[in-house]
Amino acid sequence: MAAAGADVLVTKIKVYRFDPEVAKAAHYDEWDLDVKPGQTVLDLLHEVHYFHDPTLSFRRSCRSAICGSCAMNINGRTGLSCNTQAKPLLDRDGYLIVEPMKNMPVLKDLVADMGGFWKAVYDIDPYLRPGADPPKGPYVVPKHRMDLLKIAQDCIMCGSCLSECTSREANPEYLGPAALAKAYRFVADARDDASVERLKEYSQPNGIWDCDTCLYCNEVCPMGVKPMDAIMYMREKAIEAGIHSQGSKHALAFYDTLLETGKLNEFKTAIKSLGIPGLVAQSPIAAKVVLHGKTPDLRKKPIKGMADVKKLAALVEKKRKGAKK
Amino acid sequence: MKYAYFPGCVGQDSCAELDASTKLIAEELGIELVELVDATCSGAGFVQDVNYDLSLVLNARTFAMAEKLGLDILTVCSTCQFNLDRANDQLKSDPAKLADVNGMLAEVGLRYNGNVEIKHILWVLVNEVGLASLQRRVKVDLSGLNIASFYGCQLIRPGTLHKYDDPDRPEYFERLIAALGGKPVDYEGRKKCCGFPITFVNEEASMTMNAKNMVEAKDKGADLMATSCPLCHINLDLYQGKAEKTAGQRIDLPILHLPQLVGLAIGISPERLRLKRHIVSPKAVLERVQPKEEAVAPPIGGA
């Protein structure tokens with residue numbers, strides 16, 4: 015091993031190990047490595063694999079952040095090991111810990127079982143549904159429709175977003191950010207003619223309305239894809255198409271109170287969103303609210319500038335209608 | 009220090025104690041607040057779900073009002089912070105959009121030039137009031153308490169939008185807690201989702217996350233939790249009983265709003281901070297704290 019110089023740092027790398035054929039429980043192994051500036055976490059894993067322990071398993075292929083194979087959890091954040099430099103992390107945290115992706119079972123060491131990831135992608139029907147035969151020449155798509163795809167088209171299916179998704183963590187049935195970003199890819203695609211049917215499917219439980227808007231997906235995507243923005247776009251389109259779901263009911267209830275007073279009316283939103291049976295089910299919560307003097311104001315007064323708010327709402331509506339034509 | 013104060017809807021309604029405690033600590037700490045009484049709701053993501061364009065115009069209207077006052081905006085809610093920031097970022101980076109929005113604002117006699125910044129009170133306390141100055145004002149000894157922070161997702165992510173904290177290693181809240189004399193609790197859940205946005209859609213999933221974060225904090229020794237978002241507060245406090253059922257265990261973790269924690273430390277009484285409004289009572293925990301020894305004794309005949 016080379017001696018540590020000014021720009022070479024001898025450090026320990028701690029790696030998650032699991033081999034179901036050897037032991038039921040996982041453990042961590044540590045190796046001393048020289049970390050040179052510019053080295054990626056994948057470089058270090060290769061070094062372990064070549065010189066210390068050939069049994070260490072991990073996925074990788076292109077080493078150029080385009081194949082999406084090497085996503086893993088590095089110092090608590092999921093990302094591609096091939097475009098994550100080790101030294102800045104060491105400088106920040108003083109350690110390096112590499113673990114497999116979360117929200118997926120582990121097959122061996124750093125290799126996660128992506129079966130659930132792919133199942134969700136297939137569940138959204140990731141194939142074009144054109145309404146007519148394809149044109150003889152190329153499809154001509156207006157620029158503003160192409161621009162819509164920017165937030166989703168760079169997805170490399172690495173799984174980083176699903177690994178960090180807090181909604182998926184609590185509910186393994188939730189389709190998750192990557193599959194829904196893929197769904198958006200078709201909803202927003204000018205060549206697809208099934209967007210309303212698609213939005214109906216995606217508005218089912220465990221679809222677009224189950225996103226908790228925690229922003230982890232937008233944050234960790236190594237390609238700058240914005241799955242949460244894609245999900246919010248589909249929600250708006252689903253409401254526009256009049257597709258009913260518990261999620262749309264709640265958003266509309268909230269929205270209606272804004273148009274009445276300029277502010278959220280918590281009381282009315284709860285009543286409209288839950289309905290009478292829902293309110294009965296929530297009666298223990300309601301009782302606590304009343305007992306602690308936290309009852310929200312049912313008859314909220316409109317803000318002074320309410321006339322202006324209504325005027326602006328009408329202007330926006332006019333623009334939206336104009337854009338649709 | 010003077011700000012256009014954006015109290016948020018929940019902060020003045022079911023969590024009215026947030027607004028009350030914010031005004032109390034602002035007065036103590038010399039932060040002058042000019043309340044934007046005529047501002048609309050930030051949209052909280054729900055209005056954006058229905059009509060993003062309207063949320064953008066209404067938030068621009070709010071910015072224009074602050075700009076007219078020559079003030080930056082202060083928020084006390086992670087959700088308001090994100091939704092205002094997102095709109096502001098779009099208006100500042102897209103001149104065509106700004107022109108389009110200004111075309112509409114002109115109809116109500118307003119214009120936004122893109123000169124307003126939006127800051128959460130957590131950032132203002134750390135960066136502008138200053139931790140050393142806060143430390144000097146501490147009158148109550150919180151050193152016996154392990155205090156867990158709860159940021160609310162939208163105050164730390166995305167890192168590209170919020171310029172202060174590292175989304176992977178947020179520390180503003182921990183630094184504040186330490187300056188106030190408490191012991192910050194190091195736990196992963198502080199960065200995660202409380203579940204509130206989907207409580208009305210998938211209560212089971214919402215309560216699963218809610219419970220997980222609180223149980224983790226308790227396991228790491230938390231006596232108390234403080235949050236920078238009133239929507240998180242609703243799930244953490246009001247729904248804690250439901251979270252306990254989901255977790256199959258008692259949690260019993262009192263949840264304060266960030267300004268209430270600051271207020272307690274600098275000697276504002278629990279009554280004035282309206283701590284009684286919380287569902288999970290902080291009374292037992294607060295009985296353990298005492299005035300600081302070096303504090304000057306109150307004058308004879310009254311405190």
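Residue numbers (my numbering), protein chains in the order written: chain A, 15 to 339; chain B, 9 to 311. Just so you know, even glycine gets a beta-carbon here, dropped at the ideal spot from N, CA and C.
Does the stretch 239 to 253 of chain A come close enough to the stretch 208 to 225 of chain A that 3 or more CB-CB pairs lie under 8 Å? At 8 Å Cβ cutoff, the stretches touch.
Under 8 Å between C-beta atoms, does S181(A) make it to chain B? Yes - at least one Cβ of chain B is within 8 Å of the one on S181(A).
Name the residue from A24(B), K31(B) and C17(B) whose alpha carbon lies nearest to the alpha carbon of Y11(B). It is K31(B) whose Cα lies nearest to the Cα of Y11(B).
Give the residues of chain A in contact with D176(B), contact being defined as C-beta atoms less than 7 Å apart. Chain A residues near D176(B): G90 and R91.
Contact residues within the stretch 231 to 244 of chain A, judged by C-beta distance below 7 Å to chain E: Reference to chain E is not applicable here, since the protein chains of this structure are A and B.
Taking a Cβ distance cut-off of 8 Å, strictly less, list which residues of the stretch 239 to 256 of chain B are near chain A, in chain order. Here the close residues are L246, Y247, G249 and K250.
Whole-Å CB distance - F393(A) paired with G82(A), under 8 Å assumed: This structure does not reach residue 393(A), given that chain A is present from 15 up to 339, and the question cannot be answered.
By Cβ distance below 8 Å, which residues in the same chain neighbour V109(B) in space, the five residues on each side in sequence not counted? Closer than 8 Å at Cβ, skipping near neighbours: L64, V65, A68, L99 and Y120.
Between P310(A) and chain B, is the shortest Cβ-Cβ distance under 8 Å, so that the two count as touching? Judged by the 8 Å Cβ criterion, P310(A) is in contact with chain B.
Among the residues of its own chain, which have a CB less than 7 Å from the CB of A311(B), if the five just before and after it don't count? Note on A311(B): pLDDT 42, under 50, position unreliable in the model; the coordinate value appears next. So the list is empty, once near-sequence residues are dropped.
Is the shortest distance between the beta-carbon of A114(B) and the beta-carbons of chain A less than 8 Å? For A114(B), the answer is no, since every Cβ of chain A falls outside 8 Å of its Cβ.
Work out the CA separation of A126(A) and Y30(A) for me, nearest whole Å. Near 12 Å, if we compare the C-alpha coordinates of A126(A) and Y30(A).
Taking Cβ positions, are A234(B) and A184(A) nearer each other than 8 Å? No, the pair does not count as a contact, with Cβ atoms beyond the cut-off.
Checking the sheet assignment: what are the DSSP bridge partners for F158(B)? BP columns for F158(B) point to T235(B).
Cβ shell of D33(A) (< 6 Å), same chain only, five flanking positions each side left out: Non-local beta-carbon contacts of D33(A) in its own chain, meaning distances under 6 Å to residues more than five positions away in sequence, involve K122 in chain order.
Consider the Cβ of M9(B): report whether some Cβ of chain A lies at a distance smaller than 8 Å. Chain A, which has no Cβ nearer than 8 Å to the Cβ of M9(B), makes this no.
By the criterion of Cβ-Cβ separation under 7 Å, what are the contact partners of I276(B) in chain A? Those do not exist, as I276(B) stays about 19 Å from chain A at its closest Cβ, beyond 7 Å.
Host alpha helix (DSSP H) of R249(A) (start-end): Looking at the DSSP string, the run of the alpha helix (DSSP H) that includes R249(A) is P241 to E254.
For the 8 Å Cβ check, are there 3 or more pairs between the stretch 300 to 307 of chain A and the stretch 42 to 57 of chain B? Because the criterion of three Cβ pairs below 8 Å is not met, the stretch 300 to 307 of chain A and the stretch 42 to 57 of chain B do not touch.
Helix, strand or coil at K300(B) according to DSSP, with G and I counted as helix: Coil, per DSSP.
Assuming L94(A) and L103(A) make a contact with CB atoms under 8 Å, what is their CB distance in whole Å? The beta carbons of L94(A) and L103(A) sit about 13 Å from each other, so the pair does not count as a contact at 8 Å.
Paired residues, beta bridge with R31(A) - DSSP: DSSP output for R31(A) lists H41(A) as bridge partner(s).
Relative to the alpha-carbon of S22(B), which residue among V303(A), R334(A), K333(A) and A295(A) has its alpha-carbon at the smallest distance? Comparing Cα-Cα distances from S22(B) to each of V303(A), R334(A), K333(A) and A295(A), the minimum goes to V303(A).
Can you tell me whether D227(B) is buried or exposed, with buried defined as 16 or more other CB within 10 angstroms of its CB? Classification of D227(B): exposed, given that the 10 Å Cβ count is below 16.
Are the C-beta atoms of G310(B) and some chain A residue less than 8 Å apart? A caution first: G310(B) carries a pLDDT of 46, below 50, which makes its placement in the model unreliable, though a value can still be read off. The Cβ of G310(B) sits no closer than 8 Å to any Cβ of chain A.
Since A230(B) and A156(B) should fall inside the 8 Å C-beta cutoff, what is the C-beta to C-beta distance between them, to a whole number of angstroms? For a cut-off of 8 Å, the C-beta gap from A230(B) to A156(B) is around 4 Å, short enough to register as a contact.
If the cut is a Cβ gap below 9 Å, which residues of chain A does T216(B) touch? Ordered by position in chain A, the residues that pass the 9 Å Cβ test against T216(B) are E183, A184 and N185.
Contacts around P290(B), its chain only, beta-carbon distance under 6 Å, and the 5 residues preceding and following it disregarded: Around P290(B): P262 and L283.
Using a Cβ-Cβ cut-off of less than 9 Å, list which residues of the stretch 39 to 56 of chain B approach chain A; keep chain order. For the stretch 39 to 56 of chain B, which is checked against every Cβ of chain A, the residues closer than 9 Å are V45, D46, A47, T48, C49, G51, A52, G53, F54, V55 and Q56.
Hey, could you find the ends of the beta strand (DSSP E) K8(A) is sitting in? What is shown of chain A runs 15 to 339, which leaves residue 8(A) out entirely.
Express the C-alpha separation of F208(B) and Q20(B) in angstroms, rounding to a whole number. Taking the straight line joining both Cα atoms gives about 21 Å.
Between K200(B) and chain A, is the shortest Cβ-Cβ distance under 8 Å, so that the two count as touching? Yes, K200(B) counts as interfacial toward chain A.
Grab me the residues of R313(A)'s own chain with a C-beta within less than 7 Å of its C-beta, minus the 5 sequence neighbours each way, in chain order. Excluding the 5 residues flanking it on each side, R313(A) has no same chain C-beta neighbour closer than 7 Å.
Going by other Cβ atoms of all chains shown within 10 Å of its Cβ, with 16 needed for buried, is Y136(A) buried or exposed? Flag for Y136(A) reads exposed.
Does DSSP classify R282(B) as helix, strand or coil? In the structure shown, R282(B) sits in coil (DSSP, three-state: anything other than H, G, I, E or B).
Please tell me whether A265(A) has its Cβ less than 8 Å away from any Cβ of chain B. Yes, its Cβ sits closer than 8 Å to a Cβ of chain B.
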